[in-house]
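According to my numbering, the sequence shown holds residues 5 to 230 in order. For glycine and all other residues, C-beta sits at the position ideal for the given N, C-alpha and C.
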Amino acid sequence: MRLEIDKISRRDRHTGEPLLNEISLTITGGESIALRGRSGSGKSLLLRAIALLDPLARGTIHLNGQAVCGNAIPDYRRQVVYLPQQAVVAEDTVEEALRRPFLYRSSHSSNTKTFDHPQTLERLEQLGRPETFLDKRNSDLSGGEKQITALLRALAVGPTMLLLDEATSALDAETTQAAEQLIHTWQTENTDARTAIWVSHDAAQADRVAPRKLKIEAGRLQESAL
5 MRLEIDKISR RDRHTGEPLL NEISLTITGG ESIALRGRSG SGKSLLLRAI
55 ALLDPLARGT IHLNGQAVCG NAIPDYRRQV VYLPQQAVVA EDTVEEALRR
105 PFLYRSSHSS NTKTFDHPQT LERLEQLGRP ETFLDKRNSD LSGGEKQITA
155 LLRALAVGPT MLLLDEATSA LDAETTQAAE QLIHTWQTEN TDARTAIWVS
205 HDAAQADRVA PRKLKIEAGR LQESAL
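Take a look at the structure:
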């Protein structure tokens with residue numbers, strides 16, 4: 005997997021002020037990257053731009069040499085998955101939330117992957133949660149449990165890249181490290197070159213999970229020794 009981001013920009017729709025300023029970046033399969041920067045510097049905006057969740061003022065994204073546009077966007081969004089800090093679980097139970105992407109894709113996507121229940125149970129165990137966690141109702145989930153659900157759902161659909169936007173911030177230290185190990189296992193468990201980009205306020209976490217560091221400041225990106 006090779007993702008090439010070429011001079012993408014985004015502006016405030018009301019003021020026209022640049023929020024992302026001609027950012028270019030090449031990401032190769034298997035990388036773990038930490039994106040650092042002050043609050044409001046553009047970290048979340050960049051992840052959302054890479055995931056094609058927000059409109060760009062200019063610039064292009066190529067995956068494996070092919071421009072991501074038009075009919076290529078749905079499959080790109082399956083491969084490149086964004087996990088926000090405030091995880092959203094709209095379904096009644098955790099299991100329904102995990103199965104929902106497959107119900108949708110059965111009629112809207114060429115991808116034939118199905119929900120792997122045994123694998124989900126293995127991942128639950130790695131995160132220190134029993135099988136009964138799948139039966140928990142949305143209304144009973146804590147913020148951390150919603151983050152666990154979002155992570156399990158993202159991994160279940162078989163992405164090649166995770167964009168983790170403070171995606172473990174509501175977890176306790178033990179579960180955070182279990183989630184980090186789970187993501188590392190996902191990256192290395194087979195020959196697919198899988199990538200994770202982390203936004204984290206925790207410098208120690210960034211050092212644990214990502215050899216490559218990037219810094220964003222005022223919408224501009226640079227390699228960093230942070």
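Quiz item: Would you report the Cα separation of Gly162 and His205, rounded to the nearest angstrom?
Solution: Taking the first residue of the sequence shown as position 1, residue 162 is located at position 158. Taking the first residue of the sequence shown as position 1, residue 205 is located at position 201. Those two C-alpha atoms are separated by around 27 angstroms.
Quiz item: With 16 as the cutoff for other CB atoms within 10 Å, does Pro59 come out buried or exposed?
Solution: One-based indexing of the sequence shown puts residue 59 at position 55. Burial is judged here by how many other beta carbons sit within 10 angstroms of a residue's own beta carbon; Pro59 has fewer than 16 and is exposed.
Quiz item: Which residue's Cα is closest to the Cα of Arg14: Arg52, Gly41, Ile37 and Gly34?
Solution: Taking the sequence shown and counting its residues from 1, one reaches residue 14 at position 10. The shortest Cα separation from Arg14 among Arg52, Gly41, Ile37 and Gly34 belongs to Arg52.
Self-check item: Beta-carbon proximity of Gly46 to Ile201, cut-off 8 angstroms
Solution: Numbered from its first residue, the sequence shown carries residue 46 at position 42. Numbered from its first residue, the sequence shown carries residue 201 at position 197. Cβ distance not < 8 angstroms, so Gly46 and Ile201 don't count as in contact.
Practice problem: Rank Asp79, Gly148 and Leu39 by C-alpha distance to the C-alpha of Ala177 and give the top, closest one. | Solution: Locating residue 177 in the sequence shown gives position 173, counting from the first residue. With distances taken between Cα atoms, Ala177 lies closest to Gly148.
Exercise. Can you grab the Cα-Cα spacing for the pair Leu218 / Arg224, in whole Å?
Key: Taking the sequence shown and counting its residues from 1, the one referred to as residue 218 is at position 214. Taking the sequence shown and counting its residues from 1, the one referred to as residue 224 is at position 220. Their backbone Cα atoms lie some 10 angstroms apart in a straight line.
Quiz item: To the nearest whole angstrom, what separates the beta carbons of Thr118 and Phe106, a pair I think is in contact under 8 angstroms?
Solution: On the sequence shown, position 114 is the one that residue 118 refers to. On the sequence shown, position 102 is the one that residue 106 refers to. About 6 angstroms separates the Cβ atoms of Thr118 and Phe106, confirming a contact at the 8 angstroms cut-off.
Quiz item: In chain order, which alpha helix (DSSP H) runs of at least 4 residues are fully inside the segment 182-214?
Solution: The segment 182-214 contains these whole alpha helix (DSSP H) runs: 207-213.
Self-check item: Residue of Glu99, Leu49 and Ala158 minimising C-alpha distance to Ala222
Solution: As a working note, residue 222 is residue 218 in the sequence shown. Nearest option by C-alpha distance: Leu49.
Quiz prompt | Leu51 at chain B interface by Cβ criterion, 8 angstroms | solution = Reference to chain B is not applicable here, since this structure consists of a single protein chain.
Self-check item: Any 3 or more C-beta pairs closer than 8 angstroms across the segment 135-145 and the segment 72-81
Solution: Fewer than three Cβ pairs drawn from the segment 135-145 and the segment 72-81 lie within less than 8 angstroms of each other, which leaves the two stretches out of contact.
Quiz item: Name the DSSP beta bridge partners of Met165, please?
Solution: If you number the sequence shown from 1, residue 165 lands on position 161. Val84 and Thr199.
Exercise. Count the C-beta pairs between the segment 27-38 and the segment 86-104 that are closer than 8 angstroms, then say yes if the count reaches three, no if not.
Key: No, because fewer than three Cβ pairs between the segment 27-38 and the segment 86-104 fall closer than 8 angstroms, the two stretches do not touch.
Quiz item: What are the partner residues of Asp10, as DSSP defines its beta bridges?
Solution: The residue you call residue 10 lines up with position 6 of the sequence shown. For Asp10, which the question treats as bridged, DSSP gives the partners Thr64.
Quiz item: Shortest alpha-carbon distance to Arg65 belongs to which of Gly44, Gly20, Arg6 and Arg198?
Solution: The residue labelled residue 65 in the question sits at position 61 within the sequence shown. Note on identity: in this sequence residue 65 is Ile, with Arg being the wrong assignment. The shortest Cα separation from Ile65 among Gly44, Gly20, Arg6 and Arg198 belongs to Arg6.
Quiz item: Is Ser43 helix, strand or coil by DSSP?
Solution: As a working note, residue 43 is residue 39 in the sequence shown. Residue state, collapsed to three classes: coil.
Quiz item: Which residue comes first and which comes last in the alpha helix (DSSP H) that contains Leu145?
Solution: In the sequence shown, counting from the first residue as 1, residue 145 sits at position 141. No alpha helix (DSSP H) holds Leu145; DSSP gives it neither H nor E.
Quiz prompt | CB-CB length for Ala38 against Ala214, believed under 8 angstroms | solution = Start at 1 with the first residue of the sequence shown, and residue 38 comes out as number 34. Start at 1 with the first residue of the sequence shown, and residue 214 comes out as number 210. The beta carbons of Ala38 and Ala214 sit about 4 angstroms from each other, so the pair counts as a contact at 8 angstroms.
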